[in-house]
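Undergrad: There's a structure below that I have some questions on.
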Amino acid sequence: MLDRYARQLIDPPLNRMGRALAASGFTADSVTVTGLALGLLSALLIAMGVPGWALVPLLASRLADGLDGAVARATRKTDFGGYLDIAVDFLFYGAIPAAFVIHDPASNGAAGAFLLASFYFNGTSFLGYAILAEKHGQMTDAQGQKTLFYSDGLLEGTETILFLVALCLLPAYFSPLAWVFGVLCFATAILRIYAAKRIFTT
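Numbering (UniProt numbering), first residue to last: 1 to 202.
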């Protein structure tokens, strides 16, 4: 729900930084891969039991996730770049909960499995909707200029980042936070499927 409002605040500075990176020779794909490396480093730190330290690479990886699109807009956007970006995002979003489960499977296993299942379902509903939207010629830039159609929902990128930050700050509350966020992910996916039924039933 918050992405369209967050974009109004973060896009101008991100675009300035993206132009500077592009002028220095960085490519959008290299920024995407750097963001993935930082995100996986964050997951490794969580699995090692130091989630507080994981916040730094986690936030840096999300900055890189915003910057890759800005670099692409300053140079040349490609379909592969958009594909790589969404694949990397899904890997990152799955790696963080998995790291909490790896660190303490006894306490976090059930909630972590539920959360990952909700991510899987929500991600499938998101990508499926994007395919149908493309087929029907729908377009939107509410979440910024994207290669794929980004349908809105109860939970989007902004909410997910805030959730992951909360997990790092409050690791002892992983299970209740994961159960609640997982339920909201399922609700987001179900509402998206309902919207698709209304819009794309012919």
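Glycine included, every Cβ here is placed at the ideal spot set by N, Cα and C. Bear in mind the structure is a predicted one, so any value in this text is a computation, not a measurement.
1. Are there 16 or more other CB atoms within 10 angstroms of the CB of S42, so buried, or fewer, so exposed?
2. Is it the case that the Cβ atoms of I161 and R62 are separated by a distance below 7 Å?
3. Which term fits P97, buried or exposed, when burial requires 16 or more other beta carbons within 10 angstroms of its beta carbon?
4. For A39, which of K197, D79, V88 has the nearest alpha-carbon?
5. Measure the CB-CB distance between S118 and C168 and report whether it falls below 7 Å.
6. Got a sec, what are the start and stop residues for the alpha helix (DSSP H) K197 sits in?
7. Out of curiosity, what's the CA-to-CA distance linking L170 and A60?
8. By the 10 Å Cβ neighbour count, where 16 or more other Cβ atoms means buried, how is L14 classified, buried or exposed?
9. By Cβ distance below 7 Å, which residues in the same chain neighbour F92 in space, the five residues on each side in sequence not counted?
10. Considering only residues of the same chain and omitting the five flanking positions on each side of G123, which have a CB-CB separation below 6 Å?
11. Please classify residue 217 as buried or exposed, where buried requires at least 16 other C-beta atoms within 10 Å of its C-beta.
12. Would you decide whether S24 is buried or exposed? Buried here means 16 or more other CB atoms lie within 10 Å of its CB.
13. Which word fits Y194, buried or exposed, when buried means at least 16 other C-beta atoms lie within 10 angstroms of its C-beta?
TA: Let's see:
1. By the neighbour-count rule (16 or more Cβ atoms within 10 Å), S42 is buried.
2. yes
3. Buried, because 16 or more other Cβ atoms sit within 10 Å of the Cβ of P97.
4. With the sequence shown as reference, residue 39 is identified as Gly, and Ala is not the correct amino acid for it. Closest by alpha carbon: V88.
5. S118 is not a Cβ neighbour of C168, given a cutoff of 7 Å.
6. 174 to 200
7. 19 Å
8. buried
9. L36, G39, S61
10. F90
11. No information on residue 217 is available, as it lies outside the stretch 1 to 202 that the chain covers here.
12. exposed
13. exposed
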